[in-house]
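**Student:** Let me begin by handing over the structure; questions about it come next.
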Amino acid sequence: MTKAEREELLIDMRSLHASRRKAIRRRLGEFRRVKPSEYFYELVYCLLTPQTSAENAGRVVDKLRELSFHELPVDPEPILRSRSTYIRFHRTKSNHLVKLKEEFPIVLGSITPDISPFELREWLVKNVKGLGYKEATHFLRNVGRNGGLAILDRHILRNLKRLGAIRSLPKTLSRKKYLSIEQQFMRFAERSGIPLDELDLLFWSMETGVIRK
Numbered sequence: 004m005t006k007a008e009r010e011e012l013l014i015d016m017r018s019l020h021a022s023r024r025k026a027i028r029r030r031l032g033e034f035r036r037v038k039p040s041e042y043f044y045e046l047v048y049c050l051l052t053p054q055t056s057a058e059n060a061g062r063v064v065d066k067l068r069e070l071s072f073h074e075l076p077v078d079p080e081p082i083l084r085s086r087s088t089y090i091r092f093h094r095t096k097s098n099h100l101v102k103l104k105e106e107f108p109i110v111l112g113s114i115t116p117d118i119s120p121f122e123l124r125e126w127l128v129k130n131v132k133g134l135g136y137k138e139a140t141h142f143l144r145n146v147g148r149n150g151g152l153a154i155l156d157r158h159i160l161r162n163l164k165r166l167g168a169i170r171s172l173p174k175t176l177s178r179k180k181y182l183s184i185e186q187q188f189m190r191f192a193e194r195s196g197i198p199l200d201e202l203d204l205l206f207w208s209m210e211t212g213v214i215r216k
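In my numbering, the protein residues as written are 4 to 216.
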């Protein structure tokens, strides 16, 4: 794709952002209003989403809520394995959910206003089994605490490459690679004149047609 074609894409993207800005900002406002009492299931959702549809992850969360998984001795694996709510790597992820439930008071205690989003993400990645940089940032965004950090999901990476912000799609995302691409995303957001948090939801809506979490 030529530089001129990318500039045209950027113009189109700014126009699309202008038309969806109100809805995007409303969604971000909803994230900021999420109460700490909801943090457990937001983390559950983010542990379930890797290589699994957001719809199925959402259905599993709804089912676990109904069963009061956060306080009762519920085995989540049959739900994750069920055809109607199938989650890839269901055995491993079930183990992660059980471990999260055991350790959640410590996790919740770490989410304080006096720690920066970057430091909080580092803590979450090191201390919550199954949570990588993408999932930790996703959780922080969903509770209004990501502070401009980037969720480098496939849809984000594809759009960054298409718009010339990165040269190629990474085969894997080590910590070093994640932070490097995140910096490139931040620079692109600054050039585009669209805040990174809003760009994330805009890219999602371009891919799916909806402004989802």
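Backbone N, C-alpha and C fix where the C-beta goes; we use that ideal spot for every residue, glycine too.
(1) Between the Cα of D156 and the Cα atoms of E10, T55, V64, which residue gives the shortest distance?
(2) Output the boundary residues of the alpha helix (DSSP H) element that contains M16.
(3) Using a Cβ-Cβ cut-off of 6 angstroms (strictly less than) and excluding sequence neighbours within five positions of T52, which residues of its own chain qualify?
(4) For D65, does the count of other Cβ atoms within 10 angstroms reach 16, so buried, or fall short, so exposed?
(5) Mark S97 as exposed unless 16 or more other C-beta atoms lie within 10 angstroms of its C-beta, in which case mark it buried.
(6) Report the residue from F188, L202, R194 whose alpha carbon sits nearest the alpha carbon of E10.
(7) Leaving out five residues before and five after E45 in sequence, what residues of the same chain have Cβ atoms less than 8 angstroms from its Cβ?
(8) Checking 8 angstroms against the spacing of the C-beta atoms, do I184 and P198 come in under that value?
(9) Assuming contact is defined by CB atoms lying nearer than 8 angstroms, are N162 and F107 in contact in what I supplied?
(10) Would DSSP call R217 helix, strand or coil?
(11) Is the CB-CB distance between L152 and F191 below 8 angstroms?
(12) Where does F92 sit, in a helix, a strand or coil, going by DSSP?
(13) Rounded to a whole number of angstroms, what is the C-alpha to C-alpha distance between D203 and R62?
(14) Quick check: the Cα distance between F121 and P76, rounded to an integer number of angstroms?
**Tutor:** Taking the structure as given:
(1) Of E10, T55, V64, the residue nearest in Cα terms is T55.
(2) Here the alpha helix (DSSP H) through M16 covers 6-35.
(3) Here the set comprises A60.
(4) By the Cβ-count criterion, D65 is exposed, with fewer than 16 other Cβ atoms from all chains shown falling within 10 Å of its own Cβ.
(5) Counting Cβ neighbours within 10 Å, S97 comes out buried, since at least 16 surround it.
(6) R194 is the residue among F188, L202, R194 whose C-alpha sits nearest the C-alpha of E10.
(7) Excluding its 5 nearest sequence neighbours in each direction, E45 has C-beta neighbours in its own chain below 8 angstroms: V37, F142, N145, V146, listed in chain order.
(8) 8 angstroms or more divides the Cβ of I184 from the Cβ of P198.
(9) Cβ distance not < 8 angstroms, so N162 and F107 don't count as in contact.
(10) Outside the displayed span of the chain (4 to 216) sits residue 217, for which this structure offers no information.
(11) No.
(12) It is coil, neither helix nor strand.
(13) Distance between the alpha carbons of D203 and R62 is about 23 angstroms.
(14) Taking the CA atoms as reference points, F121 sits about 34 angstroms from P76.
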